[in-house]
Amino acid sequence: MRMKNMAQNQTQSASTNKKISTYLTLIVLIVMALAITALLIAGETYLAGDQLAAGVLAGIGLIALTLSVFLLYQSKLQSAQVKIEVPKVMTTIECTNKACTTKTVREFQRGDYVYKELDIPCQKCPTTKQMITGIYKEIKEKEKTYNV
Ligand SMILES: [Zn+2]
C-alpha cells in the first residue's frame, strides 16, 4: 500500500513541476516584454535629450532581458532533466517454496505490495504459489532493493 501511494505522489509531483515551469515561462515572457518596453522608452528618452534617464532605463532593460533569457534557459534544462530521471518501479516475485529459487522481476503494477500472494503458480513447481518479495525503484547506476 505504501508503494502505491509513492507511485501516486510521483505522478503528482511531475505534474506540479510542469505547472511551475509553465508559470515560470509566463513570468519570464512578461519580464522580457517589460525589458523590451524599457529599452524602447530608453530610446525615446535618449532622443528627447535626457541621456541619464535613457541610460538607467537601458540598463534596467538589458539586465531584465538577460535575466529572463537565463531563467528560460535554466527552466528548459530542468524540465529535460526531469524527463530523464523518472525511475521505473520494479516488483520482485519469488516462489514460496524455500527449496525453489525461481525469481522473476516485472514492472510494478497497481495493487502490488510486499508479501502479497499471487495466483500465478511457479513455473518449476506448479502447486506452489508465488509471493512478492520486493518492490524497488530502478536506478541506472546502482540498484537499491528494499527486500524484507
Ligand atoms: Zn518454485
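Count the sequence shown with this note's numbering and you get residues 1275 to 1422, in order.
Idealized CB from N, CA, C, for every residue including glycine.
| query | Who are the near neighbours of T1365 in its chain, counting only those whose CB is closer than 8 Å to its CB and skipping five residues on each side? | reply | V1379, R1380, E1381, F1382, Q1383, D1386, I1406, G1408, I1409
| field | Integer-rounded CB distance, given that A1328 should sit under 8 Å from T1319 | value | Indeed they touch by this definition, with Cβ atoms about 4 Å apart.
| field | Chain-order list of residues whose beta-carbon lies under 8 Å from that of L1313 (same chain, five-residue window excluded) | value | L1331, A1332, G1335, L1336, L1339
| request: Just the C-alpha distance for V1388 and K1372, rounded to the nearest angstrom, thanks. | output: About 17 Å.
| query | Does the separation of the CB atoms of C1396 and T1376 fall below 7 Å? | reply | yes
| field | Member of I1304, I1310, G1323, P1361 whose CA lies at the smallest distance from the CA of K1411 | value | P1361
| CB-CB under 8 Å to T1402, same chain, minus the five flanking residues each way: which ones, in chain order? | C1369, T1370, N1371, C1374, P1395, C1396
| query | For Q1404, does the three-state DSSP call read helix, strand or coil? | reply | Looking at Q1404 - three-state DSSP - the assignment turns out to be strand.
| task | Classify A1322 as buried or exposed, calling it buried when 16 or more other Cβ atoms lie within 10 Å of its own Cβ. | result | When all chains shown are included, A1322 counts as exposed.
| Hey, how far is the Cα of V1305 from the Cα of S1342? | 6 Å
| said: Could you check if K1350 belongs to the surroundings of ligand 1, using beta carbon to heavy atom distance under 6 Å? | reply: no
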